[in-house]
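A.B. asks:
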Amino acid sequence: MNIPKISVVIPVYNTEAYVGEAIESAREQTLRDIEIIVIDDGSTDRSPFIIRELANTDPRIRIYTQTNQGVSAARNKGLEYIKGEFIYFLDSDDLLEKNALEQCYRQCIEQNLDFVFFDAQTINTGNYHAQNYIHKAEQGVKKGIEWFDHQLDTHTFRTPVWLNLIRTAFLRQYRLSFYPGIIHEDELFCFQLYLYAARVGYIPQIFSRRRLREGSIMTRNFSNENIAGYLTVMKEIKRLQQTQPIPVRKIIDKYFRTTLNAIVWRAHLLPSAQKRKLFITCIREKYFRYVRFRNFLVMFLKTG
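Residue numbering for the sequence shown follows the numbering used here, starting at -7 and increasing by one per position.
1. Here's the rule: buried if 16 or more other CB atoms are within 10 angstroms of the residue's CB, otherwise exposed. What is residue 73?
2. Do you know how far the Cα of residue 295 is from the Cα of residue 228?
3. With 16 other CB atoms within 10 Å as the buried threshold, where does residue 20 fall?
4. Starting from residue 68, follow the alpha helix (DSSP H) in both directions and report where the run begins and ends.
5. Looking at residue 81: is its Cβ nearer than 9 Å to the Cβ of residue 30?
6. DSSP has residue 113 in a bridge; who is on the other side?
7. From residue 162 to residue 280, what does the alpha carbon distance come to, in whole angstroms?
8. Secondary structure at residue 134, three-state DSSP: helix, strand or coil?
9. Quick check on residue 30: does DSSP put it in helix, strand or coil?
10. For a test of the three-state rule: what should DSSP assign to residue 22, helix, strand or coil?
11. For residue 15, which residues from the same chain have a beta carbon less than 6 Å from its beta carbon, with the 5 sequence-adjacent residues on both sides left out?
12. Starting from the Cα of residue 267, find the closest Cα among 216, 232, 246 and give me that residue.
13. Where residue 17 and residue 265 are concerned, what is the direct C-alpha to C-alpha distance, given to the nearest angstrom?
14. Is residue 5 helix, strand or coil when you go by DSSP?
15. Mind reading off the beta-carbon distance from residue 152 to residue 194? Whole number of angstroms is fine, and I expect it under 8 Å.
16. Residue 38 to residue 9, Cα distance in whole Å?
17. Write down every uninterrupted run of the alpha helix (DSSP H) in the region 165 to 189 whose length is 4 residues or greater and which is fully enclosed by it, in chain order.
18. Flag residue 183 as yes when its Cβ comes closer than 8 Å to any non-hydrogen atom of the ligand PLP, and as no otherwise.
19. Just to confirm my understanding: we take residue 68, look at its own chain, exclude 5 residues before and 5 after, and list those with CB closer than 6 Å. What are they?
20. Report the three-state DSSP secondary structure of residue 149 (helix, strand or coil).
21. Starting from the Cα of residue 293, find the closest Cα among 236, 259, 189, 223 and give me that residue.
22. Please state whether DSSP places residue 241 in a helix, a strand or coil.
23. Does the distance from the C-beta atom of residue -5 to that of residue 75 stay below 9 Å?
24. Select from 187, 32, 116 the residue whose C-alpha is nearest the C-alpha of residue 235.
25. What would DSSP say about residue 263, mapped onto helix, strand or coil?
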């Protein structure tokens, strides 16, 4: 049986305006030996019709349907069906450059990488602050935890899973999957990539075009849902930290300081009851030592 070089997993939920372009950007890759796994996460718009039409024209596309369970469950569903040597997760409103998968695959093979990461550019379809995903790092092969440490020092740790091409055997060796039912699920998943990977490379090119649009998770205001997602991620990372040697624990402490200070500062946008809840959680989970006192002041005193 022929094993595809890459499995492209695309979770879809009500993105009828964009899903066709996303799938086409996968179909048009210069690397032809791929499979495209589309997970329809209970869409209620024309998305199912669009993906069926495309599947009828390309045997590399396979469609699986489930009731709406969220992007984590949809990606995990895709993991059940992949056959490729490597896996790439493409969101249904994003685009890939035509040579992206070929170049990433070539580098992974030549350097025997567990995964490779690259850069992305934001396509802004509304009045949103556009953030590009540029790592500004030198090329080379390092352990994942070394890259993680470097990115924390340079403020370039990027958590979206769609910035990575990942070796399937590595993913299965560590039984990695997406934590269901939360937002910021990429944060935990990508942390584990860097924690466990022995060989990681970087391609300083923009291969992904990330679309910011009305109604997407990326454009919602900071809310209690964000806090709940982040705190779940922090709790899981804290659990993993206890299994690591002291040098790695210190690097993870650096991550906690960076992330928790950002969370507490942004929490000034939340209602008072949620601020108090976050404050109590920081005490209970012993996060207090990571957060600057002035950020707690900002959280409670700053409004809007």
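We put the beta carbon where it would ideally sit given N, CA and C, even for glycine.
C.D. replies: By the coordinates alone:
1. exposed
2. 31 Å
3. exposed
4. 63 to 73
5. no
6. 201
7. 35 Å
8. strand
9. strand
10. coil
11. 46
12. 216
13. 45 Å
14. coil
15. In fact, because the Cβ distance is near 15 Å, the residues do not count as touching under 8 Å.
16. 9 Å
17. 177 to 188
18. This structure simply doesn't include the ligand PLP, nor any ligand for that matter.
19. 169, 170
20. coil
21. 259
22. helix
23. yes
24. 187
25. coil
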